[in-house]
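Trainee:
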């Protein structure tokens, strides 16, 4: 088991409660990565998932 301070646990809990897109942006800023590129990738990933979700619900409607 790793020895962590209460501050580490609180920070981890706060980051886990954030939506995925915000978490990606926070980690990018924290580790000095290209936050703008990663946030754009999250937006495109979300937009790409919408048609997949719609098709998924249509298929589930046919199965029932």
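In the numbering used here, the protein residues as written are 2 to 65. The beta carbon of each residue, even a glycine, is placed where N, CA and C say it ideally should be.
Alpha carbon to alpha carbon, what distance is there between residue 36 and residue 52?
Mentor: Within the chain shown, residue 52 is the residue found at index 51, counting from 1. Within the chain shown, residue 36 is the residue found at index 35, counting from 1. The straight-line gap from Cα to Cα measures roughly 26 angstroms.
Trainee: Report the three-state DSSP secondary structure of residue 20 (helix, strand or coil).
Mentor: The residue given as residue 20 occupies position 19 in the chain shown. It is coil, neither helix nor strand.
Trainee: Alpha carbon to alpha carbon, how far is residue 59 from residue 65?
Mentor: For the purposes of this step, residue 59 is taken as residue 58 along the chain shown, with counting starting at 1. For the purposes of this step, residue 65 is taken as residue 64 along the chain shown, with counting starting at 1. Each residue's alpha carbon lies about 10 angstroms from the other.
Trainee: With a Cβ-Cβ cutoff of 8 angstroms, do residue 24 and residue 40 count as a contact?
Mentor: In the chain shown, counting from the first residue as 1, residue 24 sits at position 23. In the chain shown, counting from the first residue as 1, residue 40 sits at position 39. No; because the gap between Cβ atoms is not below 8 angstroms, this pair is not in contact.
Trainee: Nearest-angstrom Cα distance between residue 20 and residue 63?
Mentor: Your numbering for residue 20 matches position 19 in the chain shown. Your numbering for residue 63 matches position 62 in the chain shown. So the alpha carbons of these two residues sit roughly 31 angstroms apart.
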